[in-house]
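What follows is one structure encoded as structure tokens, with my remarks underneath.
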Amino acid sequence: MDVELRQLRCLVAIVDEGSFTDAAIALGVSQAAVSRTLASLERALGVRLLRRTSREVSPTGAGLRVLGHARRVLAEVDDLVQEATSGHATLRVGYAWSALGRHTLAFQRRWAETRPETELRLIRVNSATAGLAEGACDLAVVRRPLEDRRFDSAIVGLERRLCAMASDDPLARRRSVRLADIGGRTLLIDRRTGTTTTQLWPADSRPATQATHDVDDWLTSISLGRCVGMTAESTAHQYPRPGIVYRPVRDAEPIAVRLAWWRDEPHPAAQAALELLTTLYGTG
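Using the working numbering, the letters of the sequence shown correspond one by one to residues 30 to 313.
Below you can see the structure in the form of structure tokens.
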């Protein structure tokens, strides 16, 4: 079964324009071509898609279902074409959990002021490369080294490690905590993208762990008091949540924030983004 984009566009045009004649005008073809194209689509699918009367053209039940899919397919194709032909007019920056924390808004505003010719988009992709390997972004903010040799990266700044806990947790009354205070707790971690591992503790005092793959689930479980979490300070800025407090872990090493890109095809604006983020973290 071969369904072509021109057939889907024909179906959508007939419904949107209300007649075969007007669809032909909108598509820039003859009315006979519109009729043939619709007929070929109906043959390919094996269903009748439109009812024709002397007054109107309307979709059948099957036609309505196909029409919905057709609109989505055509929208996806239009996005694909836009993405492929836009060159470097857009810079997509991926992140897994917490973007750039308190620097996020400043980064967006300063970029708009200094690089108005390049649209900036921040995209959350919860993968090890924050969407870089998946093709979802041009640059990625990551908080642990990328071992994949296809990528280059540079450190733009450092962030403190914070412990996230329920607001009624006894540790919440303290201004800061130590790793030993967390060692007897259950620690909720994201092994795919997170920065916390039990290697931060001595072998004889490591906490129990539970796995999560989503920041909202992480926050919900912590707010219920089931576990605690440890995260970069950017998470506290990105996700303030009633029922959760964040406390610095004063004897834990800070987390390096890296900007990563494809080694063989860096975006032309990568250097500008690297410099701006380094400045923001440096002055912050």
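Cβ atoms here follow ideal geometry from the backbone N, Cα and C, with glycine treated the same way.
Since residue i sits in a beta bridge, which residues does DSSP pair it with?
{"i": "G123", "result": "I152 and A169"}
{"i": "E188", "result": "I284"}
{"i": "L217", "result": "Q239"}
{"i": "W140", "result": "According to DSSP, which records beta bridges pairwise, W140 is partnered with nothing at all."}
{"i": "L103", "result": "According to DSSP, L103 bridges with nothing at all."}
{"i": "W230", "result": "Looking at the DSSP assignment, W230 forms no beta bridge with any residue, so it has no partner."}
{"i": "Y275", "result": "A193"}
{"i": "V206", "result": "V278"}
Which word fits residue i, buried or exposed, when buried means at least 16 other C-beta atoms lie within 10 angstroms of its C-beta?
{"i": "T386", "result": "This structure gives no information on residue 386, because the portion of the chain shown stretches from 30 to 313."}
{"i": "A193", "result": "buried"}
{"i": "G90", "result": "exposed"}
{"i": "S127", "result": "buried"}
{"i": "H296", "result": "buried"}
{"i": "R94", "result": "exposed"}
{"i": "Q111", "result": "exposed"}
{"i": "H132", "result": "buried"}
{"i": "D243", "result": "exposed"}
{"i": "A130", "result": "It is worth fixing the name first, because residue 130 is Gly in this sequence and not Ala. Buried: at least 16 other Cβ atoms inside 10 Å."}
{"i": "P236", "result": "buried"}
{"i": "D219", "result": "buried"}
{"i": "E85", "result": "exposed"}
{"i": "L34", "result": "exposed"}
{"i": "D198", "result": "buried"}
{"i": "V154", "result": "buried"}
{"i": "R179", "result": "exposed"}
{"i": "Q300", "result": "exposed"}
{"i": "S263", "result": "buried"}
{"i": "E105", "result": "exposed"}
{"i": "L134", "result": "exposed"}
{"i": "L306", "result": "buried"}
{"i": "A73", "result": "exposed"}
{"i": "T241", "result": "buried"}
Look up residue i in the DSSP assignment and say whether it is helix, strand or coil.
{"i": "S250", "result": "helix"}
{"i": "S182", "result": "strand"}
{"i": "P88", "result": "strand"}
{"i": "V257", "result": "strand"}
{"i": "P199", "result": "helix"}
{"i": "R270", "result": "coil"}
{"i": "V58", "result": "coil"}
{"i": "R131", "result": "helix"}
{"i": "L79", "result": "strand"}
{"i": "V44", "result": "helix"}
{"i": "V32", "result": "coil"}
{"i": "A289", "result": "strand"}
{"i": "L161", "result": "coil"}
{"i": "A68", "result": "helix"}
{"i": "D108", "result": "helix"}
{"i": "A298", "result": "coil"}
{"i": "G223", "result": "coil"}
{"i": "T307", "result": "helix"}
{"i": "T147", "result": "coil"}
Would you check whether the ligand PLP has a heavy atom nearer than 7 Å to the C-beta of residue i?
{"i": "D280", "result": "Absent from the structure shown: the ligand PLP. Ligands present: none."}
Look at residue i and residue j and say whether their C-beta atoms are less than 8 Å apart.
{"i": "T215", "j": "T238", "result": "yes"}
{"i": "T158", "j": "A289", "result": "yes"}
{"i": "V171", "j": "V122", "result": "no"}
{"i": "R190", "j": "I251", "result": "no"}
{"i": "V185", "j": "R65", "result": "no"}
{"i": "D280", "j": "L208", "result": "yes"}
{"i": "L37", "j": "L103", "result": "yes"}
{"i": "V318", "j": "F49", "result": "What is shown of the chain runs 30 to 313, which leaves residue 318 out entirely."}
{"i": "A99", "j": "L56", "result": "no"}
{"i": "A261", "j": "T226", "result": "no"}
{"i": "V206", "j": "R276", "result": "yes"}
{"i": "A195", "j": "G254", "result": "yes"}
{"i": "L78", "j": "G92", "result": "yes"}
{"i": "L149", "j": "W140", "result": "yes"}
{"i": "L217", "j": "C256", "result": "yes"}
Flag residue i as yes if its beta-carbon sits less than 8 Å from any beta-carbon of chain B, otherwise no.
{"i": "R207", "result": "Among the chains in the structure shown there is no chain B, since it carries only a single protein chain."}
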